[in-house]
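All remarks here apply to the structure that follows.
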Amino acid sequence: MLVPSDIGNCRKLQRLHISENHFSFELPKEIGNLSQLVTFNASSNLLSGRIPHEIVNCKKLQRVDLSRNSFVGTLPNELGTFTQLEILRLSKNKFSGEIPAALRNLSRLTELQMGDNIFSVVIPYQLGSLSNLQISMNLSNNRLTGNIPRELGLLNMLEFLLLNYNNLTGEIPSTFESLSSLMVCNLSYNNLTGPLPTIPLFQNMPMSSFIENKGLCGVAGGVSLILIVILIYQMRRPRESVASVKEKEMPPPASDIYFHPKEGFTFQDLIEATNNFHESFILGRGACGTDYKAVMHSGQTVAVKKLASNAEGNNIENSFRVEILTLGKIRHRNIVKLYGFCYNRGFNVLLYELMENGSLGEALHGTSCSLEWSTRFIIALGAAQAKVIGRPFR
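In numbering that gives the first Met the number 0, the protein residues as written are 0 to 393.
In structure tokens:
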């Protein structure tokens, strides 16, 4: 099935979503006639060939998703003229050649997905100019060579950096000490050398982020040591008293507890931190459940939302799992961070970033609310942006 060429007649079209269909062959060059286009999503199709050069006429583009197709060839330098672009997703195609240095001009870019292609040569140092890049820079599963540019250390808003499965060499730049927002940095399966940086950022990351770099000091031995320690711990760990759990009249400790590698705790830790979800720890109540304040052993404070029990069967339980795993991957400045969740036979707990100043609902509708309409407009705009970023294109 071809993308119809007469689509170019829709000259006032602003949003074009044709994802998850069976469109094949090349995109028509008439796409370039859509000069008002803001969002273009053609992901998950059977499209091939090159990106039509005429697309550079779409100067108002803010979000482009061409991932999961079979596009080939090099990327045009004219991509750097899309100065309004915020999201660029090109992963899982067959793009080759160099990553254009002209991408440095995309000053509003917050997400760059270029993994699973055939890009080669070096990572352009100019990518360090993308100062608003926050969500992700994914260059994994390519054929990139050379050193990791020191300039990437300037991306102090970046949260996910994926450079794994390439042919990168040299040491990890010392400038990475400035990546204060970084949550995940996967450099595995390269040819990196030298020691791991001693900063907490790398000390708290799993060793799987650095494996298969034969010249990188402290990785292979570290993995073996960790496995040995875990094995000894499991062998010597005392079994929990069933009576103590029954006394608390709580469901069994959940095994499905997810948390970012930088921190970690068990369901039992949550019970202790909230004194068995005592009323004195309640932050507020809502239609979906009750919020509690929990101070963990590490000193970190989190918000714990205990959801109402679910008695509608496995379908709802599976939906809950899928939804939470999706939310857990979202990182945006307008969305409260979901750290993890705990699930056990209808007993659901969500772990959120604690917002000390209360909820948005209280600020907008509470008895002490004094927000002006200009402030309310800014809040509404930020919430709308969070919804767009936090959900896939449809």
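Backbone N, C-alpha and C define an ideal beta-carbon position, used for all residues, glycine too.
Boundaries of the beta strand (DSSP E) in which residue i is found, first to last residue
{"i": "Phe-401", "result": "Because the chain spans 0 through 393 in this model, residue 401 falls outside it and cannot be assessed."}
{"i": "Thr-300", "result": "300-306"}
{"i": "Ala-396", "result": "The chain is shown from 0 up to 393; residue 396 falls before or after that span and cannot be answered."}
{"i": "Thr-38", "result": "38-40"}
{"i": "Arg-107", "result": "Unbroken run through Arg-107: none, as it is neither H nor E."}
{"i": "Ser-47", "result": "45-48"}
{"i": "Arg-284", "result": "281-284"}
{"i": "Leu-26", "result": "Where Leu-26 is concerned, there is no enclosing beta strand (DSSP E), given that its DSSP letter is neither H nor E."}
Buried versus exposed call for residue i [16 or more other C-beta atoms within 10 Å across all chains shown]
{"i": "Gln-233", "result": "Low local confidence applies: a pLDDT of 44 at Gln-233 is under 50, so the model's placement there is unreliable, with the coordinate-based value given in what follows. Exposed is the call here."}
{"i": "Lys-245", "result": "Summary for Lys-245: the model assigns pLDDT 31, below 50, so the residue's position carries little reliability; its value from the coordinates is reported in the next sentence. Classification of Lys-245: exposed, given that the 10 Å Cβ count is below 16."}
{"i": "Thr-38", "result": "buried"}
{"i": "Phe-24", "result": "exposed"}
{"i": "Asn-165", "result": "buried"}
{"i": "Ile-133", "result": "At residue 133 the sequence reads Gln, which differs from the Ile that was named. Gln-133 should be labelled buried."}
{"i": "Lys-11", "result": "exposed"}
{"i": "Cys-341", "result": "buried"}
{"i": "Ala-272", "result": "buried"}
{"i": "Ser-106", "result": "exposed"}
{"i": "Leu-162", "result": "buried"}
{"i": "Thr-374", "result": "exposed"}
{"i": "Phe-376", "result": "exposed"}
{"i": "Lys-93", "result": "exposed"}
{"i": "Met-354", "result": "exposed"}
{"i": "Arg-88", "result": "buried"}
{"i": "Ser-4", "result": "exposed"}
{"i": "Cys-216", "result": "exposed"}
{"i": "Val-2", "result": "buried"}
{"i": "Met-113", "result": "buried"}
{"i": "Leu-224", "result": "Unreliable placement is indicated for Leu-224, whose pLDDT of 37 sits below 50; the coordinate value is still reported in the next sentence. By the 10 Å Cβ count, Leu-224 comes out exposed."}
{"i": "Ile-50", "result": "buried"}
{"i": "Arg-238", "result": "With a pLDDT of 38 at Arg-238, under the threshold of 50, the modelled position of that residue is not reliable, and no figure is offered here."}
{"i": "Lys-91", "result": "buried"}
{"i": "Gly-339", "result": "buried"}
{"i": "Thr-197", "result": "exposed"}
{"i": "Val-294", "result": "exposed"}
{"i": "Ile-117", "result": "exposed"}
{"i": "Thr-109", "result": "buried"}
{"i": "Arg-284", "result": "exposed"}
{"i": "Asn-40", "result": "buried"}
{"i": "Pro-260", "result": "Only weak support is given to the placement of Pro-260: the predicted model assigns it a pLDDT of 37, under 50, and the question is left unresolved by the model."}
{"i": "Ala-302", "result": "buried"}
{"i": "Ser-135", "result": "buried"}
{"i": "Asn-32", "result": "buried"}
{"i": "Lys-305", "result": "buried"}
{"i": "Leu-143", "result": "buried"}
{"i": "Asn-275", "result": "exposed"}
{"i": "Arg-62", "result": "buried"}
{"i": "Leu-45", "result": "exposed"}
{"i": "Met-204", "result": "buried"}
{"i": "Arg-67", "result": "buried"}
{"i": "Glu-158", "result": "buried"}
{"i": "Asn-185", "result": "buried"}
Proximity test, residue i beta-carbon vs the ligand SAH heavy atom, cut-off 7 Å
{"i": "Leu-181", "result": "Only the bare structure without any ligand can be found here, which leaves the ligand SAH out of the picture."}
Bridge partners - residue i, DSSP secondary structure assignment
{"i": "Asp-268", "result": "Its beta-bridge partners do not exist; DSSP assigns none."}
{"i": "Gly-214", "result": "Thr-192"}
{"i": "His-52", "result": "According to DSSP, which records beta bridges pairwise, His-52 is partnered with nothing at all."}
{"i": "His-16", "result": "Asn-40"}
{"i": "Ile-117", "result": "Ser-95"}
{"i": "Arg-62", "result": "Thr-38, Ile-86"}
Range of the contiguous alpha helix (DSSP H) that encloses residue i
{"i": "Leu-200", "result": "199-202"}
Which runs of the alpha helix (DSSP H), 4 residues or longer, sit entirely within the stretch 64-95? none
What are the complete alpha helix (DSSP H) segments, minimum 4 residues, inside the stretch 132-196? none
Counting Cβ pairs, one atom from each stretch, are 3 or more of them under 8 Å apart for the stretch 116-135 and the stretch 84-100? yes
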